[in-house]
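J.: Sequential numbering from 0 applies to the sequence shown in numbering that gives the first Met the number 0.
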Amino acid sequence: MAKEKNKVEIIESCMVVPDKETPKHRLWLSNLDLYNHSDHAPIFYLYKPHGNSNDFFSVDTLKKAMGKALVTFYPLAGRLVFDEKGRPEVDCNAEGALFSVVRAHCTVEGFGGFHPSAAVRQLLVPSVTEPERSSILMLFQLTFFECGGVCLGCAVHHSVLDGVTTFHFINAWSDIARGADIKVAPFLDRTVLRSRSPPTVRFNHIELTHDELYTKRISLEDLGQACETTILTISKDQLNTLKHGFNGERNLTTFQAVAVHLWRTACKARELADEQDTRLFFGADARARLKPPLPKGYLGNAVVRVSGNLQVGELVSKPFELGAAKIEETVNMVDDEYLRSFVDLLEKLTGDKKIVLGSRTFKRTDFLVVSWLALPIYEADFGWGKPWFMGRAYMRYVGHAYVMRTPGDSGGVKLDLAFETENMARFKEIFYSDLDSYRGIKNTLERINRDVVPLNDANDDGEEGIKDGEDPPILAFGAVELSSIFTAESKLSPGLGIKCFKYEDIKCC
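1) For Lys295 and Ala184, I'd like the C-alpha separation in whole angstroms.
2) Taking Cβ to Cβ, would you say Thr277 is nearer than 8 Å to Phe430?
3) Three Cβ pairs or more, each shorter than 8 Å: is that satisfied between the segment 190–199 and the segment 54–74?
4) Quick one, are the C-beta atoms of Ala379 and Asn92 less than 8 Å apart?
5) When we look at the beta-carbon of Cys150 and count the other beta-carbons within 10 Å, is it buried (16 or more) or exposed?
6) Taking DSSP as the reference, what is the three-state secondary structure of Trp262?
7) Could you name the residues of the same chain whose beta carbon sits closer than 6 Å to that of Val137, not counting the 5 residues immediately before and after it, in chain order?
8) Using a 10 Å radius around the Cβ and a threshold of 16 neighbouring Cβ atoms, would you call Asn300 buried or exposed?
9) So, are the CB atoms of Thr228 and His114 less than 8 Å apart?
10) For Ser234, name the three-state secondary structure that DSSP assigns.
11) Should Ala179 go down as buried or exposed, given a rule of 16 or more other Cβ atoms within 10 Å for buried?
12) Under a three-way DSSP split, which group does Phe430 fall into?
13) Cα separation between Cys153 and Asp18?
14) What separation, rounded to the nearest whole angstrom, lies between the Cα atoms of Arg120 and Leu231?
15) Just grab the DSSP bridge partners of Ser370 for me.
16) In whole angstroms, give me the CA-to-CA distance for Glu8 and Leu123.
17) Might you give, ordered along the chain, the residues of its own chain that have their beta carbon closer than 6 Å to the beta carbon of Ala256, omitting 5 neighbours on each side?
18) Following the continuous beta strand (DSSP E) through Thr277, name the residue where it begins and the one where it ends.
19) Taking DSSP as the reference, what is the three-state secondary structure of Gly390?
20) Are the CB atoms of Ser158 and Leu33 within a distance shorter than 8 Å?
21) Below 8 Å, can you find three or more Cβ-Cβ pairs linking the segment 368–378 to the segment 334–341?
22) Could you give the residue range of the beta strand (DSSP E) that holds Leu122?
23) What is the C-beta distance between Val303 and Ala285, in whole angstroms, given that I count them as a contact (C-beta under 8 Å)?
24) Spatial neighbours of Val412 within its chain, please: CB distance less than 8 Å, with the 5 preceding and 5 following residues excluded, ordered by chain position.
25) For Leu513, which three-state DSSP category applies?
26) What are the start and end residues of the beta strand (DSSP E) that includes Thr142?
27) Between which residues of its own chain and Gly384 is the CB-CB distance below 8 Å, once the five residues before and five after are set aside?
28) How many Å lie between Lys325 and Ile175 at the Cα?
29) Tell me which residue opens and which closes the alpha helix (DSSP H) that Phe168 is part of.
30) Runs of 3 residues minimum, wholly inside the segment 285–343: which ones carry the beta strand (DSSP E) assignment?
31) Starting from Asp90, follow the beta strand (DSSP E) in both directions and report where the run begins and ends.
32) In the DSSP assignment, find the alpha helix (DSSP H) that holds Val58 and state where it starts and stops.
33) Given Val100, which residues of its chain have a CB within under 7 Å of its CB, disregarding the five upstream and five downstream residues?
34) Terminal residues of the continuous beta strand (DSSP E) containing Leu97?
35) Below 8 Å on the Cβ atoms is my contact criterion, and I expect Leu367 with Gly398 to pass it. Report the Cβ-Cβ distance as a whole number of Å.
36) Please classify His156: does DSSP put it in a helix, a strand, or coil?
Printed below as a string of structure tokens:
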């Protein structure tokens, strides 16, 4: 898209306040709230034109619905402030959420791509750079394109909401716009996540290490790293191969399969040495793991960062299951005591000023995967249909991916990825070439299972089959050459899990 067309025109901008009186007080934020990134998370939705409807994405309908939603979710109409000790908290003052209406002088198709970028962040999501906006908890922008399509851009303060609660509010807002009731009321009291007295740390929470890369906010410029972003997709067939292997021998979750593939690809793209240590970071939701579980609808951050580590050589050269087992081992460790210990360590570290909360910078050997697989990211139907696209508007830190379902029933996975510019081309090449390799092996094995000649039976010439104790001869498979299977390991990326096949390993028809 030409630069001069890359413009938007602001039609209106206002504060939407609760349409009824709401309680006025200060809301305490938990250590998990403060641990998260201390600025606004930018996301956006894209909607297709809805026929000839004159009220398509009616601004009045959306503002009225938001006013009603903010009565129930009233802390989100407040402002982020600081107490006398400098600790952030929410002033529930009903000052409202920002709502802007914008006209884009281009079509959706002509916008130029919707991967996370400075352009998407600047043009489709409300700006929070102005000092007076930094304390607003939620900002929304409705952008109308020349083709009739619509974008809803959202900037939500991460110190107040995580992904679960962000989509909880947006979907509740859309329900009200359609005339429906809120399905799950928010639970507002965050003191259920207070630290124990005295704080008791029983685990080695490496994610809160005092290494300066984790305890300081170091910019990409300081690290000498330029960041590039892209969108990658995995089809349903590719995903099934990752999850179930070549002969159905695996039973991995979608997250395990995708996370391991990303982790391995990152190590290969960075050309890390086999003896180097690599760590995969990901989130574990505390809601159901605590005892008792957090109340349904808990409105706040409830995800802790956990990690598992392996040597690079092990990860990339051994079967897929090794990385998946490391993820499972890490997840199984996260129980009530682990979570309480995590919160207590945060209490100690913040009290001693030994950690800067909200850091998202990682060592060059590491990778972070954020899973939105279980979140209802495509349910924001305001009355004119569900979005056909949803994603991050901007990503700041390298070695970082968001994993989410593709829309509809395609069964695939979409990845919003940020990686070092110098390694991005190599990352994409390895990412897809390995997927093709996995699928190629599976297809070959399926043909073998279908076409192999049962050599233990008499052949068409009446000759005797293999006798007990004899070595099998070279097998014939019609168009399939067995040699391509025996040498598959050397032709493909290491660690595909291909064994040297014995005769008894091959199933006959």
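Even glycine gets a Cβ: it sits at the ideal position worked out from N, Cα and C.
T.: According to the data block:
1) 8 Å
2) no
3) no
4) no
5) buried
6) helix
7) The sequence as given places Met at residue 137; Val does not occur at that position. Excluding positions up to five away in sequence, the list reads Leu75, Ala96 and Val155.
8) buried
9) yes
10) coil
11) exposed
12) helix
13) 21 Å
14) 19 Å
15) Val402
16) 11 Å
17) Leu241 and Lys242
18) Asp276 to Asp284
19) strand
20) yes
21) no
22) Run containing Leu122: none in the beta strand (DSSP E); it sits in the alpha helix (DSSP H), Ala117 to Leu123.
23) 6 Å
24) Thr232, Ile233, Leu238, Thr253, Val257, Leu372, Val402, Met403, Arg404 and Thr405
25) It is not possible to answer for residue 513, since the shown part of the chain is limited to 0 through 508.
26) Met137 to Phe143
27) Tyr46, Lys47 and His49
28) 43 Å
29) Gly162 to Ala176
30) 302–310
31) Pro87 to Cys91
32) Val58 to Thr71
33) Ile10, Glu11, Val58 and Leu141
34) Ala96 to Ala103
35) 6 Å
36) strand
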